[in-house]
Amino acid sequence: MSAPQINAAVLDGIGRTPRYGTFPAPVAGAGEAVVTVGAAALKPSDRLMADGVHYAPTAFPQVAGLDGVGRLADGSRVAFFAPQRPYGGMAEQALVRDGLWFPVPDGVDDVTAAALLNPGGAAWKTVIWEGQLTAGQTVLVLGATGTSGRIATQLAGRHGARVVAAGRDQRVLDALAARGAGAVIRVDRPRDELAAAIAAEGPYDLIVDYLWGPPAEAVFAALMHAGGRGPRRTRYILVGMAAGEAASLPAMTLRKAPVELIGSGNGRPVPVADAAAAYADLLRRAAADEIALDVEAVPLAQVERTWTRATADRRVVFVP
Ligand SMILES: NC(=O)c1ccc[n+]([C@@H]2O[C@H](COP(=O)([O-])OP(=O)(O)OC[C@H]3O[C@@H](n4cnc5c(N)ncnc54)[C@H](OP(=O)(O)O)[C@@H]3O)[C@@H](O)[C@H]2O)c1
Numbered sequence: 035m036s037a038p039q040i041n042a043a044v045l046d047g048i049g050r051t052p053r054y055g056t057f058p059a060p061v062a063g064a065g066e067a068v069v070t071v072g073a074a075a076l077k078p079s080d081r082l083m084a085d086g087v088h089y090a091p092t093a094f095p096q097v098a099g100l101d102g103v104g105r106l107a108d109g110s111r112v113a114f115f116a117p118q119r120p121y122g123g124m125a126e127q128a129l130v131r132d133g134l135w136f137p138v139p140d141g142v143d144d145v146t147a148a149a150l151l152n153p154g155g156a157a158w159k160t161v162i163w164e165g166q167l168t169a170g171q172t173v174l175v176l177g178a179t180g181t182s183g184r185i186a187t188q189l190a191g192r193h194g195a196r197v198v199a200a201g202r203d204q205r206v207l208d209a210l211a212a213r214g215a216g217a218v219i220r221v222d223r224p225r226d227e228l229a230a231a232i233a234a235e236g237p238y239d240l241i242v243d244y245l246w247g248p249p250a251e252a253v254f255a256a257l258m259h260a261g262g263r264g265p266r267r268t269r270y271i272l273v274g275m276a277a278g279e280a281a282s283l284p285a286m287t288l289r290k291a292p293v294e295l296i297g298s299g300n301g302r303p304v305p306v307a308d309a310a311a312a313y314a315d316l317l318r319r320a321a322a323d324e325i326a327l328d329v330e331a332v333p334l335a336q337v338e339r340t341w342t343r344a345t346a347d348r349r350v351v352f353v354p
């Protein structure tokens, strides 16, 4: 008798586009559980994994997808992350190490829960846990129009901060202004002009950067020219690199401005219990329309053509 198979987004090698195909069904060993997947979001990190930039697999075939939402054998609904290789989230079933999941409360559907998992966690981690943002402070979100930036902008506003939202997409910037952002800044403009616009809205207690690259260089210039304006130390948290992997940081920025530069990622893990509580809070806020996102549910069978199309204006979530 042939082994049971599942439908999955199968990655055949670094740099390849995942294809919809069959894969042997997972079998849970000691300390593992099989999750029946309900939804799995397509995130920048999934594409970076397939391109070999980070979390790169070394053996193929491999199922794509670094997280997802589904049900354990006892019927409980969970959001899981870091599935056991070669299994991934973008499949009918995933294999997950015990404890590497959060409960998903009622009140949100699987697609919304999957859409919020990675960008919501990263937003909470940078704004609240690492950023220590408090009411009355000012935060600059660089890359505010992406899914992660939208959540960070709205979350920071809900915590009583003044939020300066910077990004390229005017439609999303307008929507963020309508939802309480104190100022919006277009980043697609000459560096000196962008630096002046950023400086004019400061000083900042916190900068959350999803872009790096040229927009970050404009922020460095703004910080340097602002110098010690205001009594405050600025925490600069780098989370992403959507605008470039490199940015030139002049020594004088760090010498003139009271900046604390922090890199956020897997190297600074959050205790699972704290992350689970934050996730539940984000889901509650999404259900109450305190945090809004553009989400598109797509059948997993369409993974190949969806993978290569631009999706930065919304979060695509695959449904197996
Ligand atoms: N745990 C973590 O460490 C973590 C978690 C989440 C995200 N991230 C990282 O954060 C970044 C953003 O993630 P996301 O979830 O928000 O992705 P997303 O939803 O795909 O959004 C990407 C954003 O980047 C903007 N962008 C792309 N190229 C740009 C450029 N050259 N100049 C200005 N803006 C540009 C896009 O603007 P347009 O809409 O105008 O194209 C869009 O707003 C990624 O690098 C991701 O890997 C890290």
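Using our numbering, the letters of the sequence shown correspond one by one to residues 35 to 354. Note that beta-carbon positions come from the ideal geometry of N, C-alpha and C, so glycine has one too.
Could you check if P303 is buried or exposed, using at least 16 other CB atoms within 10 Å of its CB as the buried criterion? exposed
Per DSSP, cross-strand counterpart(s) of W135: F114
Shell residues, 6 Å Cβ cut-off relative to heavy atoms of ligand 1: K77, P78, S79, N152, P153, A156, G177, T179, G180, T181, S182, G183, G201, R202, D203, V221, Y244, L245, P249, V273, G274, M275, A276, A277, S298, G299, A346, D347
Supposed contact pair L245 and A277 - C-beta distance, whole angstroms, cut 8 Å: 4 Å between Cβ atoms; contact.
Rounded to the nearest angstrom, what separates D46 and K77 at their Cα positions? If you take the alpha carbons of D46 and K77, they lie about 19 Å apart.
How about A67 and V130: do their beta carbons lie closer than 8 Å? yes
Cα separation between R53 and R289? 50 Å
From the DSSP output, read off the bridge partner residues of I232. Answer is none; I232 lacks a bridge partner.
Could you give the residue range of the alpha helix (DSSP H) that holds Y313? It spans 306-321 - the alpha helix (DSSP H) in which Y313 sits, taken as one unbroken run.
For a quick check, are the C-beta atoms of D101 and N152 less than 8 Å apart? yes
Note the first and the last residue of the continuous beta strand (DSSP E) segment covering D222. Taken as a continuous stretch (DSSP letters only), D222 belongs to no beta strand (DSSP E), as it is neither H nor E.
What beta strand (DSSP E) runs, 3 residues minimum, are completely inside the segment 238-285? 240-243, 268-272
Three-state secondary structure (DSSP) at N300? coil
Counting only the same chain and skipping the five closest in sequence on each side, list residues whose C-beta sits under 8 Å from that of E294. R267, T268, R269, Y270
Bridge partners - F57, DSSP secondary structure assignment: According to DSSP, which records beta bridges pairwise, F57 is partnered with I40.
With a threshold of 16 other CB atoms inside 10 Å of the CB of A438, please say whether the residue is buried or exposed. Since the first residue of the chain shown is 35 and the last is 354, residue 438 is not available in this structure.
Bridge partners - E294, DSSP secondary structure assignment: R269
So, with DSSP's three-state summary, where would you put F188? The sequence shown places Gln at residue 188, rather than the Phe named in the question. Secondary structure of Q188 (DSSP, three-state): helix.
Per DSSP, what kind of secondary structure is L82 in: helix, strand or coil? helix
Going by other Cβ atoms of all chains shown within 10 Å of its Cβ, with 16 needed for buried, is A322 buried or exposed? exposed
From which residue to which residue does the beta strand (DSSP E) around R196 run? 196-201
Short Cβ contact (8 Å threshold) for L228 with V221: yes
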